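A quick write-up on the structure given underneath.
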Ligand SMILES: Cc1cc2nc3c(=O)[nH]c(=O)nc-3n(C[C@H](O)[C@H](O)[C@H](O)COP(=O)(O)OP(=O)(O)OC[C@H]3O[C@@H](n4cnc5c(N)ncnc54)[C@H](O)[C@@H]3O)c2cc1C
Ligand code: FES
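Residue numbers (my numbering): 51 to 320.
Laid out in structure tokens, this is it:
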């Protein structure tokens, strides 16, 4: 996945408010884009008067490199993300892309049962919340393209904070959990009945760290491979400053922007 990076101007084609703090940006570039894998991210230029000299990392929410189309999901949390979320139709946004290593989708013959376990060779569960659902949307669309079976679990504090649930439901079976029970099942994503009913082989998760830790523990119990996408604070996004490092299970430093942001959960020192 060490694909070539480029710095490219994109034009905003649509800016869609998704409720709450969330905005979906539809971008287009006239340049041919390189291959883009689910879980990779872009570094967005924000004027230095607003955000200093640093770009901001945003996950690739959807992409069609052949036609130069790219989507980002932006949650307004500070000056940089507010600037990005306020870009209107026709305005330019400069991106460095594609960065990092994304989710691993195995090459599997779906007809072949794994003999030792009598399990299906692949069945995935995608679990996310908030802007963590952005990369999971692109992953779900790639799994669907390949004909791989998967379910999606979306978590939110309440109905007002629920995002992308309808869009994800168009890609695959989608369960919803809200902490106050205002939509879907009341409780945390790890309490959804899907965990009991299906023997997943792969679990992919992105969202708040406590949620990802709990999801990784559930995946471990069912002996599923679990990949988590970290959103550590970043500066260069290119492996130079080491401000994004996290500890590995063996206590080494892992550079999240180049070795991740997606890691196998059991390689992390959680
Ligand atoms: C690999 C990666 C992918 C990301 N994908 C997305 C995405 O798809 N959509 C999206 O909206 N955001 C995403 N983020 C987070 C986004 O980069 C930050 O929200 C943004 O940089 C904040 O900049 P700001 O100037 O708006 O806010 P700041 O003024 O820099 O910060 C405002 C508040 O947000 C908090 N914050 C800043 N960065 C992060 C972070 N990385 N994680 C959690 N809290 C943070 C700060 O602690 C502070 O409380 C991603 C981050 C990473 C590392
Ligand atoms: S952000 Fe600079 S090394 Fe990762």
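In this text, a Cβ means the ideal position worked out from N, Cα and C, and glycines have one as well.
Keep in mind it's a predicted model, so treat the numbers as computed, not measured.
Please report the distance separating the alpha-carbon of residue i from that of residue j.
i           : j           : result
residue 145 : residue 209 : 32 Å
residue 262 : residue 278 : 7 Å
residue 280 : residue 218 : 21 Å
residue 152 : residue 307 : 11 Å
residue 149 : residue 109 : 9 Å
residue 83  : residue 116 : 7 Å
residue 192 : residue 221 : 10 Å
residue 249 : residue 197 : 18 Å
residue 324 : residue 320 : Residue 324 is absent from the structure shown; the chain starts at 51 and stops at 320.
residue 131 : residue 86  : 22 Å
residue 135 : residue 61  : 13 Å
residue 139 : residue 94  : 17 Å
Rank the options by C-alpha distance to the C-alpha of residue i and give the top, closest one.
i           : options               : result
residue 264 : 246, 240, 286 and 301 : 240
residue 205 : 191, 225, 216 and 190 : 225
residue 186 : 242, 90, 292 and 147  : 90
residue 155 : 200, 184 and 272      : 200
residue 189 : 60, 76, 318 and 114   : 114
residue 245 : 93, 123, 318 and 174  : 174
residue 99  : 203, 271, 129 and 158 : 129
residue 122 : 77, 169, 316 and 230  : 77
residue 194 : 59, 71, 72 and 88     : 88
Checking 7 Å against the spacing of the C-beta atoms, do residue i and residue j come in under that value?
i           : j           : result
residue 253 : residue 276 : yes
residue 251 : residue 274 : yes
residue 213 : residue 68  : yes
residue 237 : residue 180 : no
residue 74  : residue 66  : yes
residue 287 : residue 171 : no
On the CB-based measure, 16 or more other CB atoms within 10 Å of its CB, does residue i come out buried or exposed?
i           : result
residue 259 : exposed
residue 290 : exposed
residue 127 : exposed
residue 211 : buried
residue 105 : buried
residue 39  : Outside the shown range of the chain, which is 51 to 320, sits residue 39, and nothing can be said about it.
Please give the ranges of any alpha helix (DSSP H) in the stretch 186 to 274, keeping only runs that are unbroken, at least 4 residues long and fully inside the region. 215 to 219, 244 to 247 and 259 to 271
Complete beta strand (DSSP E) runs within the stretch 122 to 159 (minimum length 3 residues, chain order): 142 to 149
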